[in-house]
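Undergrad: Before I ask anything, here is the structure I am working with.
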Amino acid sequence: MTHTVNTPPEALTKGDFTEVAEPFQLFAEWLADATEKEINDPNAVAVATVDDSGLPNVRMVLLKDFDERGFVFYTNLESAKGRELLSAGKAAMCFHWKSLRRQVRVRGLVTQVSPEEADEYYKSRPRGSRIGAWASKQSRPLESRFALEKEVARYTAKFGIGDIPRPDHWSGLRIVPVEIEFWHDRPFRLHDRVKFTRASEGEAWTKARLYP
Ligand SMILES: Cc1cc2nc3c(=O)[nH]c(=O)nc-3n(C[C@H](O)[C@H](O)[C@H](O)COP(=O)(O)O)c2cc1C
């Protein structure tokens, strides 16, 4: 692979992002920029966990909600990630927006969204996805594709044209950040990095610039 000097795209965020005082508004602006610029899935984010033996694990999910309470995605709570997140109670996330040459890293504590919040999002999903939440024993061994299709058929028949309730094992997890770091590519690898840290939710953020 050849290395060329990356020229950052024109800054979309108004002003110098390293000057901002708090991270949530900046994250919202960067996500909006990504939504405009990325070819797909601007809300894709890697979620890192650790299993009971201490071995790290990481996979992509889609961010479905974000506000001052934290970063929400939905999953099967009995999946590897579900078990690891609920057991450790801590996680890290990493967004990378290639077209913007930006990265946001988040570290924090894990909470479950309320049943009402999960129900509301579940209801907004296509019927096939709601059936899928019942049919997939996510992360557990699957004998064959046919076995999955049989499960889909079974639940399709079971629910017919009626309501499909949200399974108890399927819900949202919220990462409540204690650290949020913003990174933006600059020439010659002299990137800008700004890290916001707080002791816990509700506390004030401390900001520090980091060497690239
Ligand atoms: C772009 C992208 C988005 C994804 N979004 C989700 C998601 O929102 N929820 C989810 O459970 N899995 C999602 N997946 C699948 C996960 O990466 C993973 O394969 C699955 O959740 C099982 O992970 P686990 O065994 O570590 O629990 C996504 C995969 C990709 C590539």
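Our numbering numbers the first residue of the sequence shown as 5 and each following residue consecutively.
By construction, the Cβ of each residue, glycine as well, lies at the ideal position given by its N, Cα and C atoms.
Start and end of the beta strand (DSSP E) containing Val62?
TA: 60-66
Undergrad: Whole angstroms is fine: what's the gap from Arg149's alpha carbon to Asp196's?
TA: 46 Å
Undergrad: Going by the CB atoms, is the gap between Ser103 and Glu183 shorter than 8 Å?
TA: no
Undergrad: DSSP has Thr115 in a bridge; who is on the other side?
TA: Arg178
Undergrad: Taking 8 Å as the threshold (C-beta atoms), are Phe75 and Arg178 in contact?
TA: The beta carbons of Arg178 and Phe75 sit closer together than 8 Å.
Undergrad: Can you tell me the Cβ-Cβ gap for Val108 and Glu40, rounded? I've got them flagged as a contact below 8 Å.
TA: With a Cβ gap of about 16 Å, Val108 and Glu40 do not count as contacting.
Undergrad: Does any C-beta atom of chain B lie closer than 8 Å to the C-beta of Leu152?
TA: Of the chains in the structure shown, none is chain B; there is only one protein chain.
Undergrad: Using the Cβ count rule (16 or more neighbours within 10 Å means buried), how would you classify Thr79?
TA: buried
Undergrad: For Asn47, list the residues DSSP reports as bridge partners.
TA: Looking at the DSSP assignment, Asn47 forms no beta bridge with any residue, so it has no partner.
Undergrad: From the DSSP output, in three-state form, read off Gly4 for me.
TA: Missing from the structure shown is residue 4; the chain here goes from 5 to 216 and no further.
Undergrad: Taking 7 Å as the cut-off, is the beta-carbon of Ala32 closer than that to any non-hydrogen atom of ligand 1?
TA: Not so, every heavy atom of ligand 1 lies at least 7 Å from the Cβ.
Undergrad: Between Gln116 and Ser175, what straight-line distance do the alpha-carbon atoms span, to the nearest angstrom?
TA: 7 Å
Undergrad: I'd like the list of long-range same chain contacts for Lys199, defined as Cβ closer than 6 Å, with 5 residues on each side in sequence excluded.
TA: Glu185, Ala212, Leu214
Undergrad: Beta strand (DSSP E) containing Thr160: first to last residue?
TA: Segment 149-163 is the alpha helix (DSSP H) holding Thr160; no beta strand (DSSP E) there.
Undergrad: Out of Glu155, Leu113, Leu59, which one is the CA nearest neighbour of Leu90?
TA: Cα-wise, what sits closest to Leu90 is Leu113.
Undergrad: Give the range of the alpha helix (DSSP H) segment to which Trp101 is assigned.
TA: Per DSSP, Trp101 lies in no alpha helix (DSSP H); the unbroken beta strand (DSSP E) holding it starts and ends at 94-101.
Undergrad: Taking 7 Å as the cut-off, is the C-beta of Gly132 nearer than that to any heavy atom in ligand 1?
TA: Gly132 Cβ: outside cutoff for every heavy atom of ligand 1.
Undergrad: Alpha carbon to alpha carbon, how far is Val110 from Ser204? Give it in angstroms, no decimals.
TA: 13 Å
Undergrad: Can you grab the Cα-Cα spacing for the pair Ala52 / Ala84, in whole Å?
TA: 11 Å
Undergrad: Would you say the beta carbon of Lys85 is closer than 7 Å to some non-hydrogen atom of ligand 2?
TA: With respect to ligand 2, the structure offers nothing, as its ligand set consists of ligand 1.
Undergrad: Consult DSSP for Gly208 and reduce its assignment to one of helix, strand or coil.
TA: The question names Gly, but residue 208 is Ala in the sequence shown. Note: Ala208 maps to coil in three-state DSSP.
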